[in-house]
Every structure is written in C-alpha cells, then in structure tokens.
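K.L.:
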Amino acid sequence: MKGVSRAMKFGILVMAISTLATGRSNSQQDGADEPISLEQLREMRRDLAFSPRGILANNDGCDALYFPRDQELTVQSFLDRRTTALADDDSQVGAIAYCTISSGFSFFTHDTKVGTVLTRESADYGINPQMRNATQPLIDLGSDCLQSVVDFCRENDIELFWSMRMNDTHDVAHTPDDPYLLFPPLKEERPDLLVGAHDARTPFGRWSSVDYAQQEVRDLAFAYVDEVCRNYDVDGIELDFFRHLCYFASVANGGVASDQEREAMTDLMRRIRAMTEEVGMERGRPILVAIRVPDSVSFSREMGFDLERWLQEGLVDILLTTCYFRLNPWEYSVELGHAHDVAVYLCLSDSRVQGETRFRRRSVESYRGRAMNAWAAGADGIHTFNLFNPNSPIFREIGDPQGMATMDKLFFATVRDGDPERWLAEGEQHRTVPVITPGEPSGISSADPLTFELWIGEDFEAARAAGGQPTATLHLEIPGLARAEHTRVSFNGHALEGTIADGWLDCPLPVEIIDRGRNTVEIQLTPDAEPAEDEWTIEWKAEEKPQAPWHRDRGSERTVEELGDGALLIADRGTESGDYLYYRYSWGADPSERVVVEARARAISGSSYLIVGNGVVEDRLGLHPDRIDLWANRDLRYEMDTTDDFHTYRIVMEGRDLQVFVDGELRLDATGRYADGDGRRRQLAFGAANSPMVGEALWSEVRARLASRGCRDVVVSVTY
8 MKGVSRAMKF GILVMAISTL ATGRSNSQQD GADEPISLEQ LREMRRDLAF SPRGILANND
68 GCDALYFPRD QELTVQSFLD RRTTALADDD SQVGAIAYCT ISSGFSFFTH DTKVGTVLTR
128 ESADYGINPQ MRNATQPLID LGSDCLQSVV DFCRENDIEL FWSMRMNDTH DVAHTPDDPY
188 LLFPPLKEER PDLLVGAHDA RTPFGRWSSV DYAQQEVRDL AFAYVDEVCR NYDVDGIELD
248 FFRHLCYFAS VANGGVASDQ EREAMTDLMR RIRAMTEEVG MERGRPILVA IRVPDSVSFS
308 REMGFDLERW LQEGLVDILL TTCYFRLNPW EYSVELGHAH DVAVYLCLSD SRVQGETRFR
368 RRSVESYRGR AMNAWAAGAD GIHTFNLFNP NSPIFREIGD PQGMATMDKL FFATVRDGDP
428 ERWLAEGEQH RTVPVITPGE PSGISSADPL TFELWIGEDF EAARAAGGQP TATLHLEIPG
488 LARAEHTRVS FNGHALEGTI ADGWLDCPLP VEIIDRGRNT VEIQLTPDAE PAEDEWTIEW
548 KAEEKPQAPW HRDRGSERTV EELGDGALLI ADRGTESGDY LYYRYSWGAD PSERVVVEAR
608 ARAISGSSYL IVGNGVVEDR LGLHPDRIDL WANRDLRYEM DTTDDFHTYR IVMEGRDLQV
668 FVDGELRLDA TGRYADGDGR RRQLAFGAAN SPMVGEALWS EVRARLASRG CRDVVVSVTY
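Residue numbers for the sequence shown follow my numbering, beginning at 8 and rising by one.
1) Could you compute how far the alpha carbon of W430 sits from the alpha carbon of C253?
2) Which one or two residues does DSSP pair with D617 in a beta bridge?
3) Provide the residue span of the beta strand (DSSP E) that contains I146, from first to last.
4) With DSSP as the reference, identify every bridge partner of Y645, one or two as the case may be.
5) Going along the chain, which residues of its own chain have a beta-carbon closer than 6 Å to the beta-carbon of V179, five neighbours each way excluded?
6) Can you tell me where the alpha helix (DSSP H) holding Y587 begins and where it ends?
7) For the segment 409-463, list the alpha helix (DSSP H) runs that are entirely contained and at least 4 residues long, ordered along the chain.
8) Pick out whichever of D651, E268, D240 has its Cα sitting closest to the Cα of L295.
9) Just to confirm the assignment, what range does the beta strand (DSSP E) spanning H482 have?
10) Taking 8 Å as the cut-off, does the segment 415-431 touch the segment 88-99 (at least 3 CB pairs, one atom from each stretch)?
11) Would you tell me roughly how many angstroms separate the C-alpha atoms of R495 and Q531, rounded to the nearest one?
12) Using DSSP with H/G/I as helix, E/B as strand and the rest coil, what is K548?
13) Give, in chain order, every unbroken run of the beta strand (DSSP E) that is at least 3 residues long and sits entirely within the segment 174-256.
14) Output the distance between the C-alpha atoms of S449 and L512, rounded to the nearest integer angstrom.
15) In angstroms with no decimal places, state the Cα-to-Cα distance between V100 and A230.
16) For D720, which of helix, strand or coil comes out of DSSP?
17) Taking C-beta to C-beta, are G133 and E468 nearer than 9 Å?
18) Looking at C-alpha atoms only, which residue of A539, L275, R561, V323 is the closest neighbour of E223?
19) In whole angstroms, what is the alpha-carbon distance linking G679 and D218?
20) Take the Cβ of H501 as the centre, count every other Cβ of all protein chains shown within 10 Å, and call the residue buried at 16 or more, exposed below.
21) Distance, Cα to Cα, G68 vs Q154?
22) Who are the Cβ neighbours of G38 in its own chain at under 7 Å, not counting the five residues just before and after it?
23) Report the CB separation of Y590 from R559 in whole angstroms; it is logged as a contact under 8 Å.
24) Enumerate in chain order the residues of its own chain whose CB-to-CB distance from T182 is below 6 Å, with the five nearest sequence positions on each side excluded.
25) Enumerate in chain order the residues of its own chain whose CB-to-CB distance from S265 is below 7 Å, with the five nearest sequence positions on each side excluded.
26) Over the uninterrupted beta strand (DSSP E) stretch that includes A297, give me the two end residues.
27) Could you pull the start and end residues of the beta strand (DSSP E) that D95 belongs to?
28) With distance defined between alpha-carbon atoms, name the residue in D247, T444, D466, R523 nearest to G410.
29) Check this for me: beta carbons of F498 and V518, under 9 Å apart or not?
30) In terms of residues, what are the limits of the beta strand (DSSP E) holding N526?
31) Under 9 Å between the Cβ atoms of H117 and S305?
32) Hey, A682 and L637: beta-carbon distance below 9 Å or not?
33) With which residues is H390 paired in a DSSP beta bridge?
34) Give the range of the beta strand (DSSP E) segment to which R495 is assigned.
35) Please name the residue, chosen from T126, S698, G694, L713, that lies closest to A704 on a Cα-to-Cα basis.
36) Output the distance between the C-alpha atoms of L72 and G562, rounded to the nearest integer angstrom.
In structure tokens, the structure reads:
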C-alpha cells in the first residue's frame, strides 16, 4: 500500500477540489492546465500538504554523479539504481525529494541555464574511479536526471519534490593546489561571496559556504529555484537548510544572525512563495514548499532562520526537522507546525554514531522504533535522508504505524549525536534531549545518579489487539562493570534487576510500566563499583588487534596494520584523501576529573599520534623520529629519539590542563594553555598521520584510567 493509499487519495482530492472550484475535470490537471485563482490555489495547497503520503524519501542525486562505468546508461538503468523499486505495490513511499546535487552552491546535475551543469568526472579527482558522471549523457538522451524522475513519478502516482541544498559545502576540501570535484566555478571566480577562505577557515560552519547576507547570493538562490519550478512539472520544492548549517559570515565567526540578516532570509522565502503561487496559478496546480531546518525556534533564529515568522506568514507547507543532531522531543516540531496549520514530517536521517557493539542504529528494528516515536508524536509523515536502497524493507514498513504494530523494534536514548556547536557558538544550550551514545558516553558514579528521558512510541494496546505478545528489555552498556548488583536502575520509578555480560546490563522491563512517549530512566553505581585508584579502566595490549568498543577508521589501500612480535604496526603510506588509520575509543572522560593515559610505542618514520579529548580540551601527542610535540601547542616540543626503543608516553589531563611524561619524566607541560572551544570530543585514539602526511609506528600497549565509569549506550528492545 503505497503511501497509505496516497496515490488514490491524491487523485480524488485534486479532482474534487478542481471540479468544485473551476468546473474542470481531473483530466485537465495533466499537461496544459487552466489558470486558477489565488484563493483556489491556497485551498488546494493546504489540503495537498496534509494529504497522506506515508514516506517522503530524499535522494541526494549521487545516482547521476556516480554511475557504474561497466553498465550501459539508459534512463531506465539510471532509475533502477535508486528509484524504480519505490513504485512496487508494497512500497509506502508517496513522495520523492530528488536533489540534483546542488553541492557547492551553483553546481547542478539537471539541465540548468542559470547555474552550472556538473559534468566533471570524479575519477579525474581521485574519487570513485569505477564510476562515471551520467549528467551530460542523460541530457543528451533528452531526459536529464530530474526530468527522468519527474516522468517516473507521474507514471507511478508518486509526488515529486525538487530538493535544493541551500548551502551544501561538501566542497570544503578544496584548495587551489588540490582542487575538489564539487567546488564550482562560481566560488573560484567570486571568493568574495564566501564566508571564509581555504586559508582563513571560520571557527563555526564551513569556510566554503556562500554568505546569504549578500543580495547577489540570495538572488542566485531564488533564480535556481525559479528555473526549476518553471521548467519541470514538480509537485513541490524541498529547501534543505540543514545541508549545511552556515549562512552568514557573522554566525560562522562566532556571532548570531542580526535582525537585518533574518529579515533578508525571510524576504527570500517570500519571493519563493510568491513565485510558486504565480506558477501554480498558471498551471492550475500548487507547488508545495517544504523546508528542512533544525528543530528549535531559538537555535534557528540565531542561525538566521525566523521559523515562527515563516510559519505565521504562510510561507511553508511542510516542516521537516533534524539531521546531524536533534535538540527537542519530536512533539516540539509537531506542535510548532500544527499551531500554524503546517504539515510536519519528521526526518529519520542516517545515524553517524560510531563505536556500536551490540545494537545498530541503522538496523530495520531501529528505524521501526524511530518511526513509531515519530508517529506517536503526531507526525503527518516520515522523511528519510541518506537512505538509498530502494529495496530496503524500511521503505515498506515505517510509513504505516498499524502495519508495524507487532514488529520487533529498538528504541535508543539517542540516535544522532552530532554537535550543534560545530555550526553555532553555544549551540548546545538549545538542546533539551539526552545525548548518550558510544561517541558521547555519560559518566555514572555512586554520588549522583544519571537521570534522563527515553521516548518509546510503542502502542502496546494496539499490538495486543493485533495478536502480539510483547516483551521488553532495557539494555545499558557500562564497560568494566563486574556485577549487576553494582548498579541501581529504575524505570519510571520502578526498580529493575538484571544480568551482565560483555559490558552490557540487561534488565527485563515489564511493558505495563512503559508509558507511550516520555519515560524516565535513572542509573546509579554502588560505592564498591567505583574504579579503584590504581585500576586501568581501559586497557589494550598487542596480543590482538583492538576489539569493540574500540572503533577502527576505514583507512585506505595505502594504510597498513600488522600484528606481530608483541606490537601492532600502524602505517599510513599515502597522502591522498582518507589516508590515515586510527583506533578510537569513546571514553566519556569528565573534564572535572583527572584522566591518565599511557601508551608504549616505538616510532619508525613520519608522524604518528596519540589523541586525547575530555570534552573541553582535545590535543594530539605527535611521535616523530627526532621529537615529540603537541598539535595544538606546536611550540611545545621535546627532542628525543623515538625510534631507538619502546618508550612509555603518559598524558595526564584535568580540566584544561595537560602534561606529557616520557618514561616517567615530565617533558611537555601545557598547563593553562587551552581556552574555551579547544575541543568538544571525548575520545582516546592512536594511529598514523593524516591525509597529507605519512607515518609508521609500533604500538605495544595503550591504557587509560578514568575516575568514573561511562554509560556508552541505552537501548530498549521490544520483541514479539
């Protein structure tokens, strides 16, 4: 059932409204439509916005940019990569948002005359040599990628939104000496339109963003949208402000958007709305406007988006929220949109959480849980992002909450743990939901319980009515915990008991105590569970390669790791993008506590690093053949032979202070050297070099001592 019978409802709705308003039959809605009045258009537009469509699936357009060289290119073979299967009878996708790349602002893969057609070949830039760019060949076939998807959607009763990434900066890797595939001619010719430069990077956002404070940039953005709406038979446009969150130089440099800057962006939205109404009246059918933005009015306002005003003025039809991070419960977005009679689709963007050991956020069970939470919050539909396998069962399940009633699900405390302060100074202050992931673990102790809210959208009454027999379990990942009795766990005030194995505490959870929606979890250690003063809470020896919860970088064909003779060789022998290799451990270090790290290593050549971060400071101890130094304090260095033997490198961190000892002697003292914003990541890592550098070293042992234990993950499983 596609989009909860969206196709049938859409057809009936258009026919009814059109016939009532203009006396025309539905057949006149195809091809050259007769003009309608603005009042008729707005009535139709509101009803279409709330028309059930189940899933609105975003396609980032890489199916055109990266097409397999060994396949024959036809319109059908192009569609088969990501689109064709979405029209299957069991698909719940009622709409597709197709992005014609729009990376780099002005580059597109549709046949644009206003922007620049992206015809570059990725292989020429050392990227995906097995792929070729299908953009120009599709244009030459008479049906560019966007027109091909439009035609497909028309034939299969699926709505088509054109998605524009309003300031995509995948081109941030560009330098004049090392050009990047997606860096467009516009930015090469007009660097004055950018918020920064490759050698003058901004502290927030990305330097290659265009500055919307400039009228010329806003005029270009409008022109790109205007061209598509006039030349392609789209049902709507998706203005993706989340890819990426940098629109004003003032914000990129640590400030907040001014009233004048917000007004300029609002004026752009007014121009787009007016244009879509003009085109819609001419063709007798509305163009819906969807926006994808952060799920916080206050955060968005400081970024430069006056969301409440956009909604109040009727500039938006569908509100899509979240991507890299989530700031509020789903109910916040639903209430915001519905208060202004705007449909709300909640975005299930792909999870970027690293270091998972047992449960996977990208699993079907996780997507079911995420979707059930969205439906329970009152969403009008589900938006998927960075999910491209058209045969995935996800596209056949999450658009129908009733159909998922008796399916197994996973509910995570946190699915996306991106840092809002990458984009906005003090952006973290806007977050009201918990962040507990392997990448952002939370410390737990006997002194203060860890208390947080966990959302579970499961409708157990409906599940039982459908014949399901649900069971639930609360799973807590707490490495180093020896016995279940060393914790006190409660769920909505009810004490739980459990068992522990492989670092996970599993507590059976009676479904009767689970509230649909918000639940409260509390975790506390008993005094005898605290780490002893001489206990190494993290310890790896080169008897085997690091195992979970250590997380290995992807590396490349030019990186090497070899285990032998009591040491692990980690080598980076290339200087291309992605040439580095580290093992990383998200340890949840508390900046208020003393942290000790020791590594026994022998450098061979180049540069290798031991990386530490406690949430307020992050630095790298560099091991070079003739010296050691600190990445963030380059003037601190100690000359020594790091290649003659294994040496013990000891780092002591507390707050913003850091000291380095070599074989028991203080050699580098960075006490008082770090300021606010010097590092938010809390991780331990060791390995080789970075993309433009090379390095090799042997590692025999890495260990760390934390004052408290960390809760790395929280999951509730529901099984039938």
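All residues carry an ideal CB built from backbone N, CA and C; glycine is no exception. Predicted model only: the values in this text are computed from it and were never measured.
P.N.:
Concretely, from the data shown:
1) Your numbering for residue 430 matches position 423 in the sequence shown. Your numbering for residue 253 matches position 246 in the sequence shown. About 7 Å.
2) One-based indexing of the sequence shown puts residue 617 at position 610. Checking the sequence shown, residue 617 turns out to be Leu, not Asp. Answer is L628, F693.
3) Looking up residue 146 in the sequence shown gives position 139. Here I146 belongs to no beta strand (DSSP E); instead the alpha helix (DSSP H) covers 142-147.
4) Position 638 of the sequence shown holds residue 645. Bridge partners of Y645 according to DSSP: I635.
5) The count along the sequence shown starts at 1 and reaches residue 179 at position 172. Here the set comprises R213, S215.
6) Working through the sequence shown from its first residue, we reach residue 587 at position 580. Per DSSP, Y587 is not a residue of any alpha helix (DSSP H), being assigned neither H nor E.
7) Unbroken alpha helix (DSSP H) stretches of 4 residues or longer found wholly inside the segment 409-463: none.
8) Along the sequence shown, one-based indexing puts residue 295 at 288. Checking every option, the nearest Cα to that of L295 belongs to D240.
9) The sequence position of residue 482 within the sequence shown is 475, counting from 1. Its beta strand (DSSP E) spans residues 478-484.
10) Touching, no.
11) Here residue 495 corresponds to residue number 488 of the sequence shown, with the count starting at 1. Here residue 531 corresponds to residue number 524 of the sequence shown, with the count starting at 1. Taking the straight line joining both Cα atoms gives about 5 Å.
12) For this step, residue 548 is matched to residue 541 along the sequence shown. In this structure, K548 counts as strand in the three-state DSSP scheme.
13) You should have 243-247.
14) Within the sequence shown, residue 449 is the residue found at index 442, counting from 1. Within the sequence shown, residue 512 is the residue found at index 505, counting from 1. If you draw a straight line from the Cα of S449 to the Cα of L512, it comes to about 15 Å.
15) If you number the sequence shown from 1, residue 100 lands on position 93. If you number the sequence shown from 1, residue 230 lands on position 223. Inter-residue distance for V100 and A230 is about 29 Å (C-alpha atoms, whole angstroms).
16) Position 713 of the sequence shown holds residue 720. Correct three-state label for D720: strand.
17) As a first step, residue 133 is located in the sequence shown; it is residue number 126 there, counting from the start. As a first step, residue 468 is located in the sequence shown; it is residue number 461 there, counting from the start. Going by C-beta atoms, G133 is not nearer than 9 Å to E468.
18) Counted from its first residue, the sequence shown places residue 223 at position 216. That would be L275, whose Cα lies nearest to the Cα of E223.
19) Translated into positions along the sequence shown, residue 679 becomes position 672. Translated into positions along the sequence shown, residue 218 becomes position 211. Rounded to whole angstroms, G679 to D218 spans 36 Å at the Cα level.
20) For this step, residue 501 is matched to residue 494 along the sequence shown. Result: exposed.
21) Locating residue 68 in the sequence shown gives position 61, where the first residue counts as 1. Locating residue 154 in the sequence shown gives position 147, where the first residue counts as 1. In a straight line, the C-alpha of G68 is about 13 Å away from that of Q154.
22) Working through the sequence shown from its first residue, we reach residue 38 at position 31. Per-residue confidence for G38 stands at a pLDDT of 44, beneath the threshold of 50, marking its modelled position as unreliable; no derived number is given.
23) Numbered from its first residue, the sequence shown carries residue 590 at position 583. Numbered from its first residue, the sequence shown carries residue 559 at position 552. About 6 Å separates the Cβ atoms of Y590 and R559, confirming a contact at the 8 Å cut-off.
24) Here residue 182 corresponds to residue number 175 of the sequence shown, with the count starting at 1. These residues qualify, in order along the chain: H205.
25) Taking the first residue of the sequence shown as position 1, residue 265 is located at position 258. Excluding positions up to five away in sequence, the list reads S257.
26) Residue 297 sits at position 290 when you count from the first residue of the sequence shown. Annotation for A297: the continuous beta strand (DSSP E) segment containing it runs 295-300.
27) Stepping through the sequence shown from its first residue, residue 95 is reached at position 88. Note, D95: premise wrong, no beta strand (DSSP E); not H, not E.
28) Numbered from its first residue, the sequence shown carries residue 410 at position 403. Looking at D247, T444, D466, R523, the one whose alpha-carbon comes closest to that of G410 is D466.
29) Numbered from 1 along the sequence shown, position 491 holds the residue referred to as residue 498. Numbered from 1 along the sequence shown, position 511 holds the residue referred to as residue 518. At the C-beta level, F498 and V518 stay beyond 9 Å of one another.
30) In the sequence shown, the residue the question calls residue 526 occupies position 519. Start and end: 524-532.
31) Residue mapping note: residue 117 aligns to position 110 of the sequence shown, counting from 1. Residue mapping note: residue 305 aligns to position 298 of the sequence shown, counting from 1. Cβ distance not < 9 Å, so H117 and S305 don't count as in contact.
32) Walking along the sequence shown from the start, residue 682 turns up at place 675. Walking along the sequence shown from the start, residue 637 turns up at place 630. Not in contact: A682 and L637 (Cβ atoms no closer than 9 Å).
33) In the sequence shown, the residue the question calls residue 390 occupies position 383. According to the DSSP secondary-structure assignment, H390 is paired through a beta bridge with L63, C354.
34) The residue given as residue 495 occupies position 488 in the sequence shown. Note, R495: beta strand (DSSP E), 494-498.
35) Position 697 of the sequence shown, counted from the first residue, corresponds to residue 704. Comparing Cα positions, the closest option is G694.
36) If you number the sequence shown from 1, residue 72 lands on position 65. If you number the sequence shown from 1, residue 562 lands on position 555. Cα to Cα, L72 sits roughly 24 Å from G562.
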